[in-house]
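Okay, so here's the structure we're looking at.
In my numbering, the protein residues as written are 28 to 261.
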């Protein structure tokens with residue numbers, strides 16, 4: 028008997044047009060120089076997604092030998108972190124930069140089967156990373172950019188088979204590749220607001236349980252993350 032409860036996280040990009048009075052004068056935005064150092068903080072909401080592949084074995088009245096499980100699990104929760112970096116804006120408004128980040132996370136999913144079944148979960152505790160950014164500074168003063176880089180996060184994995192003593196509770200530091208897009212909008216001459224979306228693909232990891240009828244399990248974590256930030260250019 029299985030029960031399913033679905034959740035959805037949705038991030039959308041839109042293009043719009045604001046209609047104004049004909050001939051109404053428009054004030055020219057103050058030019059922002061995106062070159063130099065910057066730092067800030069950000070809050071996010073992300074979804075941890077885990078394709079899981081396992082070979083399960085059981086004894087007893089209903090034995091299962093080399094039974095395969097392939098399923099996708101996931102859940103969403105909040106993140107918080109800080110970032111700092113350096114960038115250069117060229118005369119043609121092209122922007123190149125590098126950035127460091129670190130964050131804490133509460134993204135976690137849990138699978139429960141009840142007494143005698145298999146209970147397992149994955150929790151991303153947070154991590155750190157570095158990325159390169161390429162962007163374009165619009166005449167309105169906003170910066171549109173894309174990013175690519177590496178991250179390293181800590182995952183806590185629990186696998187409890189049959190509620191016996193030798194269940195698994197382990198922490199693994201896993202590397203991943205993060206891709207993203209975003210926009211920065213000036214709030215003042217030095218302060219800016221940031222909207223950032225990223226997708227991270229982590230390296231897979233797995234283990235074999237220590238039971239008499241051992242299970243072999245592999246986890247391949249993915250993360251979709253949307254963040255809002257406030258920064259300062261020095």
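Glycine included, each C-beta is placed from N, C-alpha and C at the ideal position.
Exercise for the section: For residue 90, count neighbouring Cβ atoms within 10 angstroms of its own Cβ and tell me buried if that reaches 16, exposed if not. Expected result: In the chain shown, the residue the question calls residue 90 occupies position 63. It is exposed - the Cβ of residue 90 has fewer than 16 other Cβ atoms within 10 Å.
Handout entry: Validate contact between the region 56-73 and the region 96-110 using beta carbons, cut 8 angstroms, 3 pairs
Key = yes
Problem - DSSP-derived helix/strand/coil call for residue 166 - result: As a first step, residue 166 must be located in the chain shown, where it is residue number 139. Coil at residue 166, not helix or strand.
Exercise for the section: Check residue 192 in the structure and name its three-state DSSP category. Expected result: By one-based count along the chain shown, residue 192 stands at place 165. In this structure, residue 192 counts as coil in the three-state DSSP scheme.
Exercise for the section: Could you name the residues of the same chain whose beta carbon sits closer than 6 angstroms to that of residue 197, not counting the 5 residues immediately before and after it, in chain order? Expected result: Here residue 197 refers to the residue found at position 170 when the chain shown is read from its first residue. Here the set comprises 184.
Handout entry: Exposed unless 16 or more other CB atoms sit within 10 angstroms - verdict on residue 42
Key = Numbered from its first residue, the chain shown carries residue 42 at position 15. Counting Cβ neighbours within 10 Å, residue 42 comes out exposed, since fewer than 16 surround it.
Practice task
Taking residue 76 as part of the beta strand (DSSP E), name the residues at either end of that continuous run.
Solution key: If you number the chain shown from 1, residue 76 lands on position 49. Element bounds for residue 76: 63-85.
Practice task
Report the rounded CA-to-CA distance for residue 224 versus residue 126, giving the unit in angstroms.
Solution key: What you label residue 224 is simply residue 197 of the chain shown in a count that begins at 1. What you label residue 126 is simply residue 99 of the chain shown in a count that begins at 1. Their Cα atoms are separated by approximately 15 angstroms.
Practice task
Work out the CA separation of residue 85 and residue 175 for me, nearest whole Å.
Solution key: As a working note, residue 175 is residue 148 in the chain shown. As a working note, residue 85 is residue 58 in the chain shown. Answer to the nearest angstrom: the Cα atoms are 44 angstroms apart.
Handout entry: Distance between residue 161 and residue 179 (C-alpha atoms, nearest Å)
Key = Stepping through the chain shown from its first residue, residue 179 is reached at position 152. Stepping through the chain shown from its first residue, residue 161 is reached at position 134. Distance between the alpha carbons of residue 179 and residue 161 is about 22 angstroms.
Problem - beta strand (DSSP E) segment containing residue 107, residue limits - result: The sequence position of residue 107 within the chain shown is 80, counting from 1. Element bounds for residue 107: 91-116.
Exercise for the section: For the beta strand (DSSP E) holding residue 233, just list the boundary residues, first then last. Expected result: Your numbering for residue 233 matches position 206 in the chain shown. First-last of the beta strand (DSSP E) with residue 233: 232-235.
Problem - For residue 37, the residue or residues it bridges with in DSSP - result: Counting from one through the chain shown, the residue named residue 37 turns up at place 10. According to DSSP, which records beta bridges pairwise, residue 37 is partnered with nothing at all.
Problem - Inter-residue Cα distance where the pair is residue 96 and residue 77 - result: Position 69 of the chain shown holds residue 96. Position 50 of the chain shown holds residue 77. Taking the straight line from one Cα to the other gives about 13 angstroms.
Problem - Distance between beta carbons of residue 122 and residue 260, contact taken as under 8 angstroms - result: By one-based count along the chain shown, residue 260 stands at place 233. By one-based count along the chain shown, residue 122 stands at place 95. Not really, about 12 angstroms apart at Cβ, beyond 8 angstroms.
Practice task
Quick one: measure Cβ to Cβ for residue 108 and residue 257, integer angstroms, because I've assumed they're closer than 8 angstroms.
Solution key: Reading the chain shown from its first residue, position 81 is the one you call residue 108. Reading the chain shown from its first residue, position 230 is the one you call residue 257. Wrong, their Cβ atoms sit about 12 angstroms apart, outside the cutoff.
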